[in-house]
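Numbering (the working numbering), first residue to last: -1 to 941.
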């Protein structure tokens, strides 16, 4: 093996050189031993990982590297990627006062490898191209006398030997191996705690592994993400750098480079931080962001080495700080301003002073107008008001954005000496400012909350300018009249309506509303006489009143206002229809309405014109306390008289009688499309639905004369409404029949006429329902009896020979065409229809005697009662094999009969069932009784 192969880094020559120096000058030995002792005992305590990471970062070069830390067989091992060990590096390792790092490498101002002496006295460095070892024991063997003079204490890092170790971990280029003097417990935990900070400080590293745990570093768009076992921590960074000025680095071939990096933790505030140069020092800082800079440090690497170079780099760091601040969203930037407080170190003091100076002169604060300003040229509103700031952005130069008026920014702005602008100063700035009246209203609105809580501010607002309706701008609200819209009165200071705000009243203005002016005696009187000479005063009065109505709404008496009609005449407002109103399409040709002049109609909103009474559609009249039918509604008196007690509310549609008969479908569609009118149509027991059902016209007949297609139960009684292009709910609301009902006497008359119409084919069930309904209302109406009525055959026959059935057994002796098709309420119907009761006209007698029987002896009857839970009658009845009754001059076989107190029944289920149902008062159960008497079993009852 050649000497180069066994000792590739020339360690023998290095040892011989050091030994020669020691032998020639024992003082040099003592100096080396003392320097190393200082580093071991004081300078590098707790900095082992920092220096190992620094060396790994330097080795990585342009591609960030990986550092792995582990304990193997009692040795701490630090493996890294990057450039392997070379001869220059070995020479630097063996020299306490030299470094092989280029002038541009991070950390060139200090010596680092000596930190290993804190844990070992026999470090080794194994690399891809060879390795070296240091040993206190081997050094003592070579210089026993010198070692003995110091009690065995020798420099460890001066004599270096080659080592043939080559077992590097896969993927790594160099590994530092440190046999530990003490138990390694806790050492890796300390390293794990330091790993995230080192990745941030050393951009030459992208990954640190500690005993199986890993931390990764990535950077994008100025944000560094550190990912580790506990999650992700983000840092916003800004870097700057360059060469040191020539005057600071005399005596070297090339000027060293300087660099600074500001890092701000995105996810949580920074606390208890120190200066990183670039690894942690003992220089405590109280700044919101971390500074990582290539600063000269003392040999201990704990303190900054004071001097021109350090001052230069700190000044450059301060100058770079505003750029970091500017990279944050505007509303978050003040969180990076150093707040007042005692500095934690001389470096902290210098940095705080420099940062504040740099921040005061750099344009990074957001202005209200969207631009940026330096704190030295800015002002902040002393009250938190977004609206006020937005309004003042063009009035106050340098006014900061409204977000900066919030309390959380106050301390930072104070530290930057940003002046605060009081309300009094705002008022002063507004003096003489023009502006749209609406803008002034916004200013008053923004100041109003402040006036509520601050008496001094409210006093200062007494000098606020106020724009007037005539274009002037006065310097105080005192003496100004405020209203929504005021009539022009010469000599009065009337605030422009667009500027009016309640704050002005609190500051001395006087309120005068449009409503007060509209309701004044002068305006009322002018409207009342407006038709006297409209050609003279009409146009001006119309303009004044309509402007007031536009602000204050209409009044009923404004219907008298004279307005110009299309024919050149002047008419009352409520006698005119808007030129484009759909109402004109449905009115009779001779309806007593004029058409409003087109120019007037075009000059004002529809709602203003209708508010004074101009007709645009159907007009709704409403009275919540009516006393009589005096609301100018067609046929209102008839509707009113239909109530037993006068109505307590009137809601009706006016002028229904002016609709052309052939235009009713269109008129009803208009009503349905107008929510206000439709509410009047659907008012319970209301006038409008009452009138429409009787007097509107659908295909020549009132709505109440028709039924809906779905009202099949009324088939025959009413015809289906013709197709009029109206939905069912509209047709039903205006009176088209959806079901059987009677509203008044007219409905009773109509029903009687329909029942008596032979042309109408009615179902038996419907006839019974109609007669039952007529019986319900009979006591409340008075009508002429009909000429024809419906009988049991379904025919409509002359009423002369028809009887009303009041006793059911009489049906057995009466022909069906002489019996009214009704069920129950016989006396009421007889009176309503002027028909005799059957019991008044028919008498009869039983022809044979029959057999008297006790009810309880009839087995089938007894079982039927038991099944139905009905008590058996206690008396008797007469049972006939064949029951015949003599009546009306003829004999009639019947199933049952009642003669005084005696009940007769044919010996059949039907006869016994009817007699039993009548006797027990269970007439409705007669058919059930018949079925059970025929077959008294549960199956019949349940089936």
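All C-beta atoms, glycine included, are put in the ideal place defined by N, C-alpha and C.
How many angstroms separate the CA atom of residue i from the CA atom of residue j?
i: residue 584; j: residue 615; result: 10 Å
i: residue 375; j: residue 368; result: 15 Å
i: residue 105; j: residue 366; result: Annotation note: pLDDT 33 at residue 105 (below 50); position unreliable, coordinate value reported separately. If I take the Cα positions, the gap works out to 45 Å.
i: residue 170; j: residue 80; result: 8 Å
i: residue 846; j: residue 871; result: 24 Å
i: residue 716; j: residue 818; result: 21 Å
i: residue 54; j: residue 122; result: 15 Å
i: residue 571; j: residue 532; result: 13 Å
i: residue 627; j: residue 566; result: 35 Å
i: residue 795; j: residue 838; result: 20 Å
i: residue 270; j: residue 163; result: 43 Å
i: residue 928; j: residue 682; result: 47 Å
i: residue 851; j: residue 901; result: 11 Å
i: residue 844; j: residue 882; result: 6 Å
i: residue 950; j: residue 634; result: Residue 950 is absent from the structure shown; the chain starts at -1 and stops at 941.
i: residue 746; j: residue 719; result: 20 Å
i: residue 450; j: residue 504; result: 10 Å
i: residue 657; j: residue 586; result: 6 Å
i: residue 251; j: residue 245; result: With a pLDDT of only 42 at residue 251, under 50, the local geometry of the prediction cannot be trusted, and the value read off the model is given with reservation. Cα to Cα, residue 251 sits roughly 13 Å from residue 245.
i: residue 47; j: residue 262; result: 23 Å
With distances taken between CB atoms, is the gap from residue i to residue j smaller than 7 Å?
i: residue 157; j: residue 137; result: yes
i: residue 515; j: residue 546; result: yes
i: residue 364; j: residue 350; result: no
i: residue 652; j: residue 622; result: no
i: residue 909; j: residue 893; result: yes
i: residue 473; j: residue 463; result: yes
i: residue 446; j: residue 501; result: yes
i: residue 706; j: residue 736; result: yes
i: residue 373; j: residue 414; result: yes
i: residue 273; j: residue 289; result: yes
i: residue 142; j: residue 30; result: no
So what does residue i bridge to, in DSSP terms?
i: residue 343; result: Answer by DSSP bridge pairing: none, since residue 343 is not bridged.
i: residue 492; result: 479
i: residue 257; result: 239
i: residue 852; result: 874
i: residue 189; result: Per DSSP, none; premise fails for residue 189.
i: residue 174; result: 76, 123
i: residue 894; result: 903
i: residue 696; result: 699
i: residue 68; result: 75
i: residue 942; result: The displayed coordinates of the chain run from -1 to 941. Any statement about residue 942 would go beyond what the structure contains.
i: residue 159; result: 131
i: residue 620; result: 649
i: residue 271; result: 283
Tell me which residue opens and which closes the alpha helix (DSSP H) that residue i is part of.
i: residue 774; result: 762 to 775
i: residue 226; result: Per DSSP, residue 226 belongs to no alpha helix (DSSP H); it is in the beta strand (DSSP E), 221 to 226.
i: residue 719; result: Segment: none, residue 719 is in no alpha helix (DSSP H) and carries neither H nor E.
i: residue 635; result: 634 to 639
i: residue 727; result: 726 to 731
i: residue 600; result: 596 to 601
Cutting at 6 Å between CB atoms, please list the residues of its own chain near residue i, excluding the five before and the five after it.
i: residue 820; result: 769, 827
i: residue 120; result: 133, 177
i: residue 321; result: 236
i: residue 939; result: 865
i: residue 66; result: 77, 207
i: residue 637; result: 685, 688
Within the same chain, show all residues whose beta-carbon is closer than 7 Å to that of residue i, passing over the 5 residues directly before and after it, in chain order.
i: residue 676; result: 669, 670
i: residue 43; result: Unreliable placement is indicated for residue 43, whose pLDDT of 46 sits below 50; no coordinate value is reported for it.
i: residue 265; result: 231, 232
i: residue 440; result: 385, 389
Leaving aside the five residues before and after residue i along the sequence, list all residues of the same chain whose C-beta is less than 8 Å from its C-beta, in chain order.
i: residue 216; result: 204, 222, 223, 225
i: residue 26; result: 19, 20
i: residue 8; result: 85, 88
Can you name the start and end residues of the beta strand (DSSP E) that residue i belongs to?
i: residue 842; result: 842 to 844
i: residue 687; result: Looking at the DSSP string, residue 687 is not in any beta strand (DSSP E); the run it does join, the alpha helix (DSSP H), is 685 to 693.
Does at least one heavy atom of the ligand COA sit under 6 Å from the Cβ of residue i?
i: residue 371; result: The ligand COA is absent from the structure shown, which contains no ligand whatsoever.
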